[in-house]
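Letter 27 of the sequence shown, counting from 1, is numbered 40 in my numbering, and no numbers are missing. We put the beta carbon where it would ideally sit given N, CA and C, even for glycine. These numbers were taken from a predicted model, which means no experiment stands behind them. This report refers to the structure that appears directly beneath it.
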Amino acid sequence: MTVMYDRYKELSSACVSDALKGLNNMNVLIKPMKEEYRISGPAFTVKMPANDNLVVLKGIGMAKPGDILIVDAKGHEHNAVAGHFVIGMAKTLGLSGVVIDGTIRDIVGIKALDFPVFCKGATVAASVKTGTGEVNVPVTCGGVVVNPGDIIVGDADGVVSVPKERAEEVLAAAQQKEQKDKERAKAVLGNGEAARCYIERAVESSRI
């Protein structure tokens, strides 16, 4: 499976999304803290109530190196799911990244870790630690159902979840889409006549 994750990491999230017909894209507000971040790996899921992040620590401790921690924080934005120290432990234990349907804090410190974090933004308010929540269960993150082991792909455009049972099929379709996009760009971009012909064909075929 490691080879498959590497192959997914070579693809853009846009091509993976196209292969899934746009059905598994997370909320557009969930973006990387740095544009250069790219992630690909198996989901380790965490379901937490708003404002109670103790279960996030449990998830980090249970996840395997290479896993991507998926945190279903119900989109809550006022209280941070994690700060610099918690994210630093995720990096220390070898996780490949963290995706949060919510916010973080200590934004400067987290960026300094140079570790892929995707979330809805930053806040100053902390969460409490009372101990509710679940790990390694189906969750909804950014409006998308994610099961443990599903393949998560993310880059500057956003995050896509690939159902693990469709991994090979979606990979092949995404690779084909990316190859076609490269060939089209090579043939058309920088060539005025080719660009006009492409536009004319596209307009004619859609009859607008």
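| query | Going by Cα to Cα distance, which pick from Asp170, Met17, Leu126 is closest to asparagine 40? | reply | Locating residue 40 in the sequence shown gives position 27, counting from the first residue. Looking at the Cα atoms, Asp170 is the closest of the given residues.
| request: Just confirm the distance between the C-beta atoms of glycine 10 and phenylalanine 57, as a whole number of angstroms; I'd bet it's less than 8 angstroms. | output: With the chain represented from 14 up to 221, any question about residue 10 goes unanswered, as that position is not in the structure.
| query | Contact check, serine 174 vs valine 159 under 8 angstroms by CB: the rounded distance? | reply | To locate residue 174, count along the sequence shown from 1; it is residue 161. To locate residue 159, count along the sequence shown from 1; it is residue 146. Contact between serine 174 and valine 159 holds: CB atoms are separated by about 5 angstroms, below the 8 angstroms threshold.
| task | Whole angstroms is fine: what's the gap from alanine 198's alpha carbon to alanine 76's? | result | The residue you call residue 198 lines up with position 185 of the sequence shown. The residue you call residue 76 lines up with position 63 of the sequence shown. Going by the C-alpha atoms only, they are around 40 angstroms apart.
| task | Verify whether the separation of the beta carbon atoms of valine 84 and aspartate 119 is less than 8 angstroms. | result | Residue 84 sits at position 71 when you count from the first residue of the sequence shown. Residue 119 sits at position 106 when you count from the first residue of the sequence shown. No, they are not a contact pair.
| Closest to glutamate 147 by CA distance: which of Lys44, Val59, Met17, Val157 is it? | Here residue 147 is taken as the residue at index 134 of the sequence shown, counted from 1. Put simply, of Lys44, Val59, Met17, Val157 the residue whose alpha carbon is nearest the alpha carbon of glutamate 147 is Val59.
| query | If you draw a straight line from the C-alpha of glutamine 188 to the C-alpha of isoleucine 43, how long is it? | reply | Translated into the one-based positions of the sequence shown, residue 188 becomes position 175. Translated into the one-based positions of the sequence shown, residue 43 becomes position 30. Roughly 24 angstroms between the two C-alpha positions.
| task | Within its chain, find whatever has a CB closer than 7 angstroms to the CB of alanine 27; leave out the 5 residues flanking it on each side and keep chain order. | result | Counting from 1 along the sequence shown, the entry for residue 27 is found at position 14. Contacts found: Asp170.
| said: Restricting to Cα atoms, I'd like to know which of Val99, Val112, Asp80 is closest to lysine 87. | reply: In the sequence shown, counting from the first residue as 1, residue 87 sits at position 74. Ranking Val99, Val112, Asp80 by Cα distance to lysine 87 puts Val112 first.
| request: Alpha carbon to alpha carbon, how far is glutamate 217 from alanine 63? Give it in angstroms, no decimals. | output: For the purposes of this step, residue 63 is identified with residue 50 of the sequence shown, where counting begins at 1. For the purposes of this step, residue 217 is identified with residue 204 of the sequence shown, where counting begins at 1. Within the model, the alpha-carbon separation for alanine 63 versus glutamate 217 is close to 51 angstroms.
| said: Just to confirm my understanding: we take asparagine 37, look at its own chain, exclude 5 residues before and 5 after, and list those with CB closer than 8 angstroms. What are they? | reply: Against the sequence shown, residue 37 aligns to sequence position 24. Excluding the 5 residues flanking it on each side, asparagine 37 has same chain C-beta neighbours closer than 8 angstroms at Ser30, Val157, Val173, Ser174, Val175, Pro176, in chain order.
| task | Identify every run of the beta strand (DSSP E) within the segment 159-191, keeping only runs that are complete inside it and at least 3 residues long; order them along the chain. | result | Taken in chain order, the whole beta strand (DSSP E) runs of length 3 or more contained in the segment 159-191 are 164-168, 171-175.
| request: Could you have a look at valine 41 and say whether DSSP puts it in helix, strand or coil? | output: Residue numbering aside, residue 41 sits at position 28 when the sequence shown is read from its first letter. In the displayed model, valine 41 falls within coil according to three-state DSSP, outside both helix and strand.
| field | Beta-carbon proximity list for valine 141, same chain, < 7 angstroms, skipping 5 on both sides | value | What you label residue 141 is simply residue 128 of the sequence shown in a count that begins at 1. Asn64, Asp65, listed in sequence order.
| Looking only at DSSP bridge pairs, what is phenylalanine 131 linked to? | Indexing the sequence shown from 1 puts residue 131 at position 118. According to DSSP, phenylalanine 131 bridges with Pro45, Val112.
| query | Is the Cβ-Cβ distance between isoleucine 240 and glycine 167 less than 8 angstroms? | reply | What the structure shows of the chain is the stretch from 14 to 221, and residue 240 is not part of that stretch, so it cannot be assessed.
| Collapsed DSSP secondary structure at lysine 60 in the structure displayed | In the sequence shown, the residue the question calls residue 60 occupies position 47. In the three-state reduction of the DSSP assignment, lysine 60 falls in the strand class, which pools E and B.
| Residue closest to glutamate 90, alpha-carbon to alpha-carbon, out of Cys210, Ala215, Lys124, Ile117 | Here residue 90 refers to the residue found at position 77 when the sequence shown is read from its first residue. Looking at the Cα atoms, Ile117 is the closest of the given residues.
| message | Rounding to the nearest angstrom, what Cα-Cα distance links alanine 95 and alanine 207 in this structure? | response | As a working mapping, residue 95 is identified with position 82 in the sequence shown. As a working mapping, residue 207 is identified with position 194 in the sequence shown. Taking the straight line from one Cα to the other gives about 50 angstroms.
| request: Locate the beta strand (DSSP E) running through leucine 202, then write down its first and last residues. | output: Indexing the sequence shown from 1 puts residue 202 at position 189. Leucine 202: not part of any beta strand (DSSP E); DSSP gives it neither H nor E.
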